[in-house]
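In what follows, a structure is listed as structure tokens, so that the remarks can point back to it.
Numbering (this note's numbering), first residue to last: 2 to 299.
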């Protein structure tokens, strides 16, 4: 049994922390929404902590999963943050998707305190977090990674070590670049087909049996057909990630033309009031412009 900490109990963080506890580990928890930490402490016998510093004082390996770069920096380096309570020899594993350059700076600050740091973004959204089937992309020290690797087993079944500091995030941003652009292609193709008289379910069957087959499309299309935009991964967070992707492209001198347009389309969806909904709800912007809804006729 390991002494773990988990910080950030949102749609993904809560089930991740719960799965670590159910695997038999001691888990100290903190959330910006205090009620969530109290709930996990009550239902799963986790240790409630009132600050990130307190979590660090009660854990040898700390996981966090928060929304953006500013949140990650505040939780780790801010007042009453992890850095104020963490002990030399501890390990911090940041599962958030944040700016690569800022993640490396966080790692350097912790290294100065004798603390190892991993960027460990994950993919699989809420269903993957609930079932413990997330996919992780890891950057950091390979020797220390081998030591903590078993702790990831309750969280994910596919763990990819990508290299040194920041390389997990590099992989995650590239993956989300492809994901977000596929989503926009799906939106355009399905609206076009529906406006032209095709049944969306038939169109999906054709896609699933062609070179255009996509796991994202196969999973998200049924939600669109039944107008279920319950959030697994929100429009606002994909918008945030495309911003990080464009920043990464600028730093590396890589033009990302499609992604620039995709970010503006996501911004349009946010402006239309869909920011908190699942990212597949972005199709509603194009539906409104085209005067059609992607709903099966059968």
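We put the CB at the ideal spot given by N, CA and C, even for glycine.
I need the straight-line Cα distance from residue 94 to residue 53, nearest angstrom please. Distance from the CA of residue 94 to the CA of residue 53, rounded to the nearest whole angstrom, comes to 14 Å.
Counterpart residues of residue 31 in DSSP-defined beta bridges: Beta bridge pairing from DSSP links residue 31 with 8.
Where in the region 156-193 do unbroken runs of the beta strand (DSSP E), each at least 3 residues long, occur, reported from the N-terminal end onward? Taking only runs of at least 3 residues, the beta strand (DSSP E) segments lying wholly in the region 156-193 are 157-164.
Roughly how many angstroms lie between the CA atoms of residue 290 and residue 263, to the nearest whole one? A direct Cα-Cα distance of roughly 16 Å separates residue 290 from residue 263.
Cα-Cα, which of 61, 192, 279 is closest to residue 239? If you compare the alpha carbons of 61, 192, 279 with that of residue 239, the shortest gap goes to 279.
So for residue 99, helix, strand or coil by DSSP? Residue state, collapsed to three classes: coil.
Flag residue 152 as yes if its beta-carbon sits less than 9 Å from any beta-carbon of chain B, otherwise no. Considering every chain present, this structure includes no chain B. It has just one protein chain.
Identify the residues that DSSP records as bridge partners of residue 281: which are they? Here residue 281 is not bridged, per DSSP, to any residue.
What separation, rounded to the nearest whole angstrom, lies between the Cα atoms of residue 22 and residue 48? Spanning the alpha carbons of residue 22 and residue 48 requires a straight line of approximately 10 Å.
Touching by the beta-carbon criterion (3+ pairs, under 8 Å), the region 199-218 and the region 267-277: They do not touch, by the three-pair rule.
So does the region 156-171 actually touch the region 188-208, counting three or more Cβ pairs closer than 8 Å? Inter-segment contact for the region 156-171 and the region 188-208 is absent: fewer than three beta-carbon pairs are separated by less than 8 Å.
In this structure, how does DSSP classify residue 120 when only helix, strand and coil are distinguished? Residue 120 falls in the strand class under three-state DSSP.
State the Cα-Cα distance for the pair residue 249 and residue 298, rounded to the nearest angstrom. In this structure, the alpha-carbon of residue 249 lies about 43 Å from that of residue 298.
Length of the line joining the Cα atoms of residue 226 and residue 119: The alpha-carbon atoms of residue 226 and residue 119 are separated by roughly 39 Å.
Looking at C-alpha atoms only, which residue of 125, 99, 114 is the closest neighbour of residue 232? The option with the nearest alpha carbon to residue 232 is 125.
Whose C-beta lies closer than 7 Å to the C-beta of residue 90 among residues of the same chain, with five residues either side of it excluded? 115, listed in sequence order.
Closest residue to residue 13 among 66, 38, 183, 236 (Cα-Cα distance): The option with the nearest alpha carbon to residue 13 is 66.
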